[in-house]
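The structure under discussion appears below in the form of structure tokens.
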């Protein structure tokens, strides 16, 4: 999982809410990103990072201090990686999403109608196309295996090392001091 995905989710805003992660992993359940993922809409990494940058500029221009945003995002991303390594909770979340998708497969026209308010293009899909895409997603949902657990632990370890190298507590404190005194 890319830390950018977690940052985008925390930043919010229309362009990010309506985008699915560029790495084709399943987004967080019950989000518009998850619905777009189900509908097969992803974007390239370059565009995704440009949307994140644009949203950061927007919130800074709205008055939020850079140091506050960075520290909040770092803490949020760290918490997300912590949750990623919680296998039991992850498997419970997958089971919930599995049940939701199974309900949608049973009634693809209701799913399409519910999604149409946010994405009118979904009305162009037939019941068979909706069912096919939902089934494809459903087939990707499975309990975390040993390899996935090890991958998640490695990602968390990599994130923690990168955080220490580039965003150590001292760096954030210096940034905060600079921001406070520059006001």
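Residue numbers (the working numbering): 142 to 324.
The beta carbon of each residue, even a glycine, is placed where N, CA and C say it ideally should be.
The structure displayed is predicted, hence computed values, not measured ones.
Classification of residue i by the beta-carbon crowding that lies within 10 angstroms, buried from 16 upward
{"i": "residue 255", "result": "exposed"}
{"i": "residue 188", "result": "exposed"}
{"i": "residue 253", "result": "buried"}
{"i": "residue 92", "result": "Since the first residue of the chain shown is 142 and the last is 324, residue 92 is not available in this structure."}
{"i": "residue 148", "result": "buried"}
{"i": "residue 214", "result": "buried"}
{"i": "residue 205", "result": "exposed"}
{"i": "residue 310", "result": "exposed"}
Range of the contiguous alpha helix (DSSP H) that encloses residue i
{"i": "residue 262", "result": "Careful: residue 262 lies outside any alpha helix (DSSP H) and carries neither H nor E."}
{"i": "residue 249", "result": "249-257"}
{"i": "residue 195", "result": "186-202"}
{"i": "residue 225", "result": "207-225"}
CB of residue i within 8 Å of CB of residue j, strictly
{"i": "residue 212", "j": "residue 296", "result": "no"}
{"i": "residue 228", "j": "residue 290", "result": "yes"}
{"i": "residue 152", "j": "residue 197", "result": "yes"}
{"i": "residue 282", "j": "residue 226", "result": "no"}
{"i": "residue 193", "j": "residue 200", "result": "no"}
C-alpha gap between residue i and residue j, whole angstroms
{"i": "residue 236", "j": "residue 316", "result": "42 Å"}
{"i": "residue 238", "j": "residue 305", "result": "34 Å"}
{"i": "residue 248", "j": "residue 260", "result": "18 Å"}
{"i": "residue 202", "j": "residue 272", "result": "43 Å"}
{"i": "residue 262", "j": "residue 318", "result": "48 Å"}
{"i": "residue 265", "j": "residue 233", "result": "33 Å"}
{"i": "residue 270", "j": "residue 286", "result": "30 Å"}
{"i": "residue 267", "j": "residue 231", "result": "32 Å"}
{"i": "residue 258", "j": "residue 223", "result": "34 Å"}
{"i": "residue 216", "j": "residue 195", "result": "21 Å"}
{"i": "residue 299", "j": "residue 292", "result": "10 Å"}
{"i": "residue 251", "j": "residue 288", "result": "36 Å"}
{"i": "residue 284", "j": "residue 277", "result": "16 Å"}
{"i": "residue 240", "j": "residue 220", "result": "26 Å"}
{"i": "residue 301", "j": "residue 218", "result": "10 Å"}
{"i": "residue 173", "j": "residue 308", "result": "Note on residue 173: pLDDT 49, under 50, position unreliable in the model; the coordinate value appears next. Each residue's Cα considered, the two are about 30 Å apart."}
{"i": "residue 274", "j": "residue 280", "result": "10 Å"}
Please go through the stretch 263-308 and give each complete alpha helix (DSSP H) segment of 4 or more residues, from N-terminal end onward. 268-281, 287-307
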